Every structure is written in structure tokens, then in C-alpha cells.
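Chains as they are written, first to last, in the working numbering: chain A, 796 to 997; chain B, 280 to 898.
Notes follow the structure.
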């Protein structure tokens, strides 16, 4: 059984809908640890040792957050700046994260049509998240496409949010039990593009 | 009695006139005293008599100075300096003595040449330390090296006094007064006993200093009679000196040792502030007497020879010191300071030549020109410091361009905390953890006792006393933290600091808003209301327990803190204008604050986020 770490980052949780629902849906899963960065470090004073230990103890690391300014909320950047130290995360002796799986779980306002060359956002999600994949690459991690909930401002219905949350749960359970076809997943744009074909049922 | 008072008046008056003038001219106080001495000496207005006696008596200022220096040196620090003391000091004395002896061999037989070499290798502790302190160089690395050498020289005087009589070439009639104990003469004892008695004397200083002084000073502090403390402090220094004389050791060294033992005592600054004025006065008179002892008649008769001795003395010592500086890897600027600072002859020369004379090592005719040369070199010492400053200034401006940007080093900077109650304790803990060792003052002796047990460096004393502030290093400190509840005391302290230490930045707590406004009237660099920080923290905890996200609760406290601080200055201005206006401004500001915090909570995320799906983002 793989162990999963969810690095949760939302600066205004009392006003979050998608992320909170997603998080609630997975919070009771065995083998899943949720690390709420904004709650643990409201003053941004990240406990590097603790964070590194958490990473070492898990096989899959997920960064779950709203897609702010085509990127992450600022604390995730702070986390990377401080926690991903040379000799630990990268460099010839930095092997702590080697071969771990990682991906982002994002919620974005625009729908998939807007994340295209001709769309309002002009770039695809894959292009915009390339720094994350580059980071994972440098840390010798295996990066999967992001789990995405898009178009949330089109007035996403309560049911749809619940549906996405259940998808998220399904993904995590499959990852935990190693039933996710990683090769196939990497061919898709999002982790949750074709769940029925990428998850082998138990 | 009248005569004594007249002499005293002349000394003090000469010092009062000459020293401020010399300082104004940028010459430093030592040169001022020396000039005053020349003026009132036998070749000036001839206003003083018994110059040598005065010099001898006021040498005691050097003892006090070393006691004070000892007070600033913890035993651990002294231990760290051991390499410098033995290495640099040893090398300086040995090599200077060798070089000077070689020069002296041109005109003197070897015994006398060796005596001259040994004696001239010593420098002037009094002038050098005083000048270093005045220039604020005593805590620099060069200052420490210089001090190490001076300390070794003080040690070296003892064997010199013992060895010089052995170099005698002519027999003297009757034994010299090289040694007479004040209480008993231990030179009549067998050698083994002598060593034992000497060791016992040193041990006595250590034990009394370590264990006896504390209860004694505590009892005196409790009596709250200031003079008694002064008396006790003087008695301590004088007692040590008497003991050292009795066993034939240097009283300066004994006093230094006593100071070191007391360096981590809570009464250190109180002792400092009590001894300091006596030391200052005695040294001042000592410098005056050195100035007065310049025998101009002799000098004019033997001008070329004496100037030649002065030149050889300073040049060869400078060279030896410079080479030692290179050997110990000092930086360029440190090396020149080190060499210039110690290149003069010292006051020990007066004593040691006396020993030579009375033991038949050398004759008056031989000694007098050399003593004059020593006095001139001491007179030149402050001038050499000025030359060094000029040189280092020039070289600094040359290298200015490729100089690295200044690193702001906050560690090791000086901070004084006044008041060590609950607030002061936490400030102290915080600063200590940040690598700053504050000097902490509190006027409650029992509180000081308790807090010392937790390992804090706290000193007993009344913070509103100028001399205590001085002893605590207010002149060299950058920041004074006032953690005192009582408004009156704070006010007094701030006024005192503004008046005497205008460079000192002041960080103060205020018990409440009104107190804050009063302290703002006085002008402080930072002001915080005493309980404001904890109030906000508790408020933040409350919001969090009510279910607000920790980050959001944190943001709200930050907003509140920032706005409140801004508002306080506006309210302060209004508070001076009118009471009514103040109340209405207060209400108005509170309303604004409330609104701001609401906005942070409710800002309509959906509205913001919707803008992201529209063709052009807008709100």
C-alpha cells in the first residue's frame, strides 16, 4: 500500500468551496495524510525538517490548491524555496524524493476551452504547469498530469463538485492500491481525464 | 592642609582648563593632561612641588584602571586570550628588549645595556588604555591584542624587579628600598615559604572575589546608602593592592585579577561606576605629573642624544611590533594601530630605573637622559595615535572603491535593557536567542538574585543614575530598551539618555495609551503598549477556536496591528489638540478598522473569480 501526502494550500478556507469539498472527501482515507500548509504555517514560517520528514515518509506527494495566477498560492512557492534543499531534494546526493510520484490537484476558474492558444488564457494547463514538472524532474520524481477541476465559475453545481470530489477520492484510492495505470495516465491531459480506462478495478 | 588644598586646586584647575581645550583641538585627554603638567611644572609656571611623590601616589590610578579592565573580562575570555598574552606579549618584550639592548651596547656595558633594553621594552598601560577607550577601540581585535601585550608587560615587571639588582656592577652602601612590605617583610622568609605566601595571597583574592564579595555587596546594596558601596569598592581595590605589595607582586596585576573574578558578578556595573571617577582623577593627575617631570634643562643640554634615544626607542619598538603583527596575521590597519599604540616607553620605567639606581646598576647621569626620553615618548604616544588615524583614514579612502558593501552585523551590537520584570525578561530572552547579549539593569536586588540563577547577565543598580548608565556602556551602546512600567522612571531615564547619550536609540514600552502619548512627547524611536501584543495573540487564538482558518485569523491580527499603529500617531496628534476631537477621531478610526477587517473576511471571491472567465478580466 502506497502512502499519500496531500499538501493542501488555500489561503481563505472559510470561503473555499471546491477545495474544501475535495479535501473533506479524502480526509477519512487510510494511508492519506493531509498537511494544511496555511493552517500549519499562517506566518509562513515553514518547519523544513518536519516537511522533509513528511515527504520521506510518503510515496505520493500531491499539491492541492486553487490555480492562482496560473500558478500556486504563494505558500507553495515558499515551501519549495525552503524545503527542496540541495543535497536533500536535488544534487548528486539529494535523493530523498527519488522515484516518488507527484502531481498537482488544481481548481481553476476558466474552463478547458480558455486554456488553449486561442482561448482567453492563451496557454494550456500543461504549458502553465511546466515549472512544476521541471521541479519534479530535478528532484528525480515521477510527475503525473494534474488532477483538474476547471470552469468552476461557470457556476459549477453542488452535484458536479461532489462528483469531482468522488473522482479525487477514486484517484487517491487507486494510487494507494497501485491500481492506476501510470503510463496510460501520462498520455492524457489530466489525471482525471479518463478514469474508467486508467484505473484497474480491484 | 592649606598647602595640600592649594596643590589639589592647581592640579584640578589645570586639568579643567587643559583637557577640554586639548579635546576640542582633537588631541585627546591624555595629551591635555600632559600639556597641563608641562604648564604647571618646574619649567612652566612652577606651580607644583614633589612631582615624583605625586607621580608615585597617582600611579594608583593604573591599579584602578586595571581593576576596571578586569571587570570587563570574564575569566573565560581571559583564557581565550592566553595565546595572545603569551605569544604576542612574550614576543614583544623579548624581541624589543633584545633590539634595544643591542643599541644600548654601543654606549653602555652589557649589564647596563640589558637593564635599559628590558626597561624600555615596556609600554605605557595608562596612556594606551585611556586612549583606546577614548577612541572606542578597546573592544576591537587590535585593541584586544594591544591589551594582551600590556598585560604580559605587567606580568614581566615582577621578574624584572627581581632580576635587575643582579645586574649591579658597583656595590651600593646599604640595601636599597627595592622592597619593603607594608604589613610584614616576606623577603626574610625562606624561598619555599615565600612562594607559599604568594600563592596564598592570590588564592585569597580569588576566593574572596568569588564567594565573599556577593553576600557583602548584597548586604550593602540592601542598606541603600550609596557612600558605603563606594567605600566598599575602594576598600576592595586598595586592600588587594596592599596585599600584593606585601607579597611583592604588582598591585596592578592583583587588582586586574580581582576585577576578572568579579567580572560576572551582578554588582559589576555598580563597582565600575563607583571606581571610575577615582581612576579618572588619579590617572589625570598622574599624566600631569608625567608632563611636569619633563626636565627641559636636561633635555636642552642633551637635545641630540635624547632625541636620538627617543627615535631609537620608538622606531625599534615599532618595527618589532609591526613584525609581530605580521607574524600573527593581523590585517594591515590593525597592524599599524598595534605597532603605533605600543611604541612608547611606559610608566614602569620610572619605577624600574629607580630600582636600578638604588641597587647600583646604573648611575643618575646615565639614567636621567633615558628617563627624559621615556617621558617624551609618552608625550608623543597620543600624537602617534593621531598619526596612525591619519594613515588609516588615507588608506581607507584609497580602497573605498573596491570595498565590499557593509554587512549589517547585528550580533554583538550593544543593547541595554532597563528593567527586568516580566516584560524585560521576555525581551531579554528574545534578544539573547537572536545572538545579542544585552546588558540588563534592575534596581531590585532580590529580583536580580533570582534571575541570575536562570543564567541571565543582570546587574543591580538604579537605572536613572547617570554613572550607572555610563558603566553599563551607554556611550557605546546603540539601543536602550525601557521595560519599566512606572511612567515617572521611564520619563526620567529618557530625559537622561537624551541629554547625555544623544546617539542612543530608545525603545520603550508604555503601560497604556496615555503613557504612550507622554513618552511620544519626549521622543523615542519605538514605542509599544505593554499588553498590546498579547491581547492580539489571544484575540487571534479566539478567532481560530471559533473556526476561522489560522491563516485568516493571522491576517486579521496583522491588519489590526498595522492599522492601530498608524492610527496611534494620528490620535497622538489629535490628543494634543482637543479632547472632543480625540474622542470622535478614536470612534471614527475604530469604525474604519472594523470595516477593513470585515472586507478582508468577506471580500467577494466569486466576483473576483468571475472576472477570470470573462473575456477581459475586470471587477
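Heads up, the beta-carbon is just placed ideally off N, CA and C, and yes, glycines get one too.
None of the values given here were measured: they were computed from a predicted structure.
{"Asked": "Quick one: is residue 757 of chain B buried, meaning 16 or more other Cβ sit within 10 Å of its Cβ, or exposed?", "Found": "exposed"}
{"Asked": "What are the partner residues of residue 860 of chain A, as DSSP defines its beta bridges?", "Found": "A:901"}
{"Asked": "Helix, strand or coil for residue 839 of chain B? Go by DSSP, reduced to three states.", "Found": "helix"}
{"Asked": "Using the C-alpha atoms, what's the distance from residue 854 of chain A back to residue 906 of chain A?", "Found": "31 Å"}
{"Asked": "Would you mind sorting residue 295 of chain B into buried or exposed? The rule is 16 or more other CB atoms within 10 Å of its CB.", "Found": "exposed"}
{"Asked": "For residue 803 of chain B, does the three-state DSSP call read helix, strand or coil?", "Found": "coil"}
{"Asked": "Rounded to the nearest angstrom, how far is the Cβ of residue 772 of chain B from that of residue 761 of chain B, given a contact under 8 Å?", "Found": "6 Å"}
{"Asked": "Closest by CA to residue 611 of chain B, which one among B:721, B:875 and B:421?", "Found": "B:421"}
{"Asked": "Here's a check: name, in chain order, each residue in its chain whose Cβ is nearer than 8 Å to the Cβ of residue 940 of chain A, leaving out the five neighbours to either side.", "Found": "898, 921, 980, 981, 983, 984, 985, 986 and 988"}
{"Asked": "Taking DSSP's pairing of strands, which residues face residue 997 of chain A in a bridge?", "Found": "DSSP lists no partner for residue 997 of chain A."}
{"Asked": "Look at the alpha carbon of residue 871 of chain A and the alpha carbon of residue 860 of chain A, and state the distance between them as a whole number of angstroms.", "Found": "9 Å"}
{"Asked": "What's the gap between the Cα of residue 415 of chain B and the Cα of residue 755 of chain B?", "Found": "8 Å"}
{"Asked": "Using a Cβ-Cβ cut-off of less than 7 Å, give me the residues of the segment 808–830 of chain B that come near chain A, in sequence order.", "Found": "827, 828, 829 and 830"}
{"Asked": "Give the secondary structure of residue 597 of chain B by DSSP, where H, G and I count as helix, E and B as strand, and everything else as coil.", "Found": "helix"}
{"Asked": "Measure from the C-beta of residue 833 of chain B to each C-beta in chain A and report whether the shortest distance is under 7 Å.", "Found": "yes"}
{"Asked": "Tell me the rounded alpha-carbon separation between residue 588 of chain B and residue 727 of chain B.", "Found": "55 Å"}
{"Asked": "Does the beta carbon of residue 863 of chain A sit closer than 7 Å to a beta carbon anywhere in chain B?", "Found": "no"}
{"Asked": "If we define contact as Cβ-Cβ less than 7 Å, is residue 802 of chain A a contact residue for chain B?", "Found": "no"}
{"Asked": "Classify residue 803 of chain B: buried if its beta carbon has 16 or more other beta carbons within 10 angstroms, exposed otherwise.", "Found": "buried"}
{"Asked": "Touch check for the segment 472–488 of chain B and the segment 527–543 of chain B: three-plus C-beta pairs under 8 Å?", "Found": "yes"}
{"Asked": "Taking DSSP as the reference, what is the three-state secondary structure of residue 828 of chain A?", "Found": "strand"}
{"Asked": "Let me know the beta strand (DSSP E) ranges lying completely inside the segment 608–683 of chain B, each 3 residues or longer, listed in chain order.", "Found": "none"}
{"Asked": "Please compile the residues from chain B whose C-beta is within a distance smaller than 8 Å of the C-beta of residue 941 of chain A.", "Found": "What residue 941 of chain A touches in chain B: nothing, since even the nearest Cβ is about 17 Å away."}
{"Asked": "Give a yes or no on whether the minimum CB-CB distance between residue 834 of chain A and chain B is below 7 Å.", "Found": "yes"}
{"Asked": "Mind checking the segment 806–836 of chain A against chain B and listing, in chain order, the residues whose C-beta falls within less than 7 Å of any C-beta there?", "Found": "806, 807, 808, 809, 810, 833 and 834"}
{"Asked": "With distances taken between CB atoms, is the gap from residue 263 of chain B to residue 799 of chain B smaller than 7 Å?", "Found": "Nothing can be reported for residue 263 of chain B: it is not among the residues displayed for chain B, which extend from 280 to 898."}
{"Asked": "How do the segment 361–378 of chain B and the segment 561–568 of chain B stand: do at least 3 beta-carbon pairs fall below 8 Å, yes or no?", "Found": "no"}
{"Asked": "Quick one: Cα of residue 343 of chain B to Cα of residue 769 of chain B, how far?", "Found": "33 Å"}
{"Asked": "Are there 16 or more other CB atoms within 10 angstroms of the CB of residue 868 of chain A, so buried, or fewer, so exposed?", "Found": "buried"}
{"Asked": "For residue 838 of chain A, go through chain B and note every residue whose CB falls closer than 8 Å to its CB, in chain order.", "Found": "833"}
{"Asked": "For residue 461 of chain B and residue 525 of chain B, I'd like the C-alpha separation in whole angstroms.", "Found": "Since pLDDT at residue 461 of chain B reaches only 42, below the 50 mark, its modelled position is unreliable, and no value is offered."}
{"Asked": "Just mark residue 693 of chain B as buried or exposed, buried being the case when its beta carbon has 16 or more other beta carbons within 10 Å.", "Found": "buried"}
{"Asked": "Helix, strand or coil: which one does DSSP assign to residue 697 of chain B?", "Found": "strand"}
{"Asked": "For the alpha helix (DSSP H) containing residue 899 of chain B, name the first residue and the last one.", "Found": "Since the first residue shown for chain B is 280 and the last is 898, residue 899 of chain B is missing from the structure and cannot be characterised."}
{"Asked": "Ordered along the chain, which non-local residues of its own chain (more than five positions away) have a Cβ less than 6 Å from that of residue 411 of chain B?", "Found": "417 and 422"}
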